[in-house]
Amino acid sequence: MIGKIMGASILITALVAGAALYYLQVYHFYEPVTATGTDDVQMTSLASGQPEPVLYDDFEAIDATSSPIRYRACFTTTMSHAMLSETYTPYDAAEPLTAPGWFDCFDAEAIGAELDAGTALAFLGQRDVQYGIDRIVVITEDGRGYAWHQINRCGAVVFDGQPVPDDCPPPPQGN
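The numbering used here applies: residue 1 is where the sequence shown begins, and numbers increase by one.
Right under this line is the structure:
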């Protein structure tokens, strides 16, 4: 009888811990991003090298303070691929990161497939929104847009514990 009680208590504890871990990873840390309506979507200009606000509608985003790469955003734009390509800095290493299932406007696999097919273009939104983290913006041919944070080359090296490459800025104190 004691063995059954111990087994049941272990099973119940494992289920509660598993449910709590799932909730914390998928729901708890994410917060909706409050849209300003003017500069929520920015891309780096080829001419100035600085992020500039772009035309957008239907902005929806989430973020979390627990990690700098949890930012995800969806929006629409009327800007054409031709105009975007002539105006903003392309980003060749865009790799969409998955979003929680409940944030259904952002499908990393579909975005990746569109990038591979050439029906979506990736641009640098902002370099080093936080040291070693870039904001990537992707626009599809039909005007759907997505943004996320991605570790850049300098960040990948430094976060791996390696010395800072010569062409990278020094990391902030404490890193």
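Note that CB positions come from ideal geometry on N, CA and C, so glycine has one too. Only a predicted model underlies this, so the values are computations on that prediction, with no experimental measurement involved.
| query | result |
| --- | --- |
| How is the alpha helix (DSSP H) around LEU115 delimited, first residue to last? | 108-117 |
| Out of LEU97, LEU115 and THR78, state which residue places its alpha-carbon closest to the alpha-carbon of TYR71. | LEU97 |
| Compare the C-beta of THR77 against all C-beta atoms of chain B and say whether one is closer than 8 Å. | Structure shown: chain B not included; a single protein chain is present. |
| Taking a contact to mean a Cβ-Cβ separation below 8 Å, would you say GLU114 touches THR76 in this structure? | no |
| Relative to the alpha-carbon of TYR30, which residue among SER45, PRO100, GLU86 and GLN50 has its alpha-carbon at the smallest distance? | PRO100 |
| Taking only three categories from DSSP, how would you classify MET6? | helix |
| Under the three-state reduction of DSSP, which class applies to THR78: helix, strand or coil? | coil |
| Return the first residue and the last residue of the beta strand (DSSP E) that GLY125 is part of. | 120-130 |
| In angstroms, rounded to a whole number, what distance separates the CA positions of ASP178 and THR65? | For the chain, the structure presents residues 1 to 175; residue 178 sits outside this window and is missing. |
| Please classify ASP134 as buried or exposed, where buried requires at least 16 neighbouring CB atoms within 10 angstroms. | buried |
| What first and last residue would you give for the beta strand (DSSP E) that runs through ARG138? | According to the sequence as given, residue 138 is Val; it is not Arg. First-last of the beta strand (DSSP E) with VAL138: 133-140. |
| Please report the residue range of the beta strand (DSSP E) in which PHE159 lies. | Not the beta strand (DSSP E): PHE159 falls in the alpha helix (DSSP H), residues 153-159. |
| Is the beta carbon of VAL54 closer than 8 Å to that of MET83? | no |
| Output the boundary residues of the beta strand (DSSP E) element that contains GLU60. | 57-63 |
| So, helix, strand or coil for THR44, using DSSP? | strand |
| Thinking just about the alpha-carbon of each residue, which of TYR22, THR38, GLY7 and GLU52 is nearest to the one in GLN126? | GLU52 |
| Which residues in the same chain have their Cβ closer than 8 Å to the Cβ of VAL164, if we skip the five residues on either side of it in sequence? | CYS154, VAL157, VAL158, PRO170 and PRO171 |
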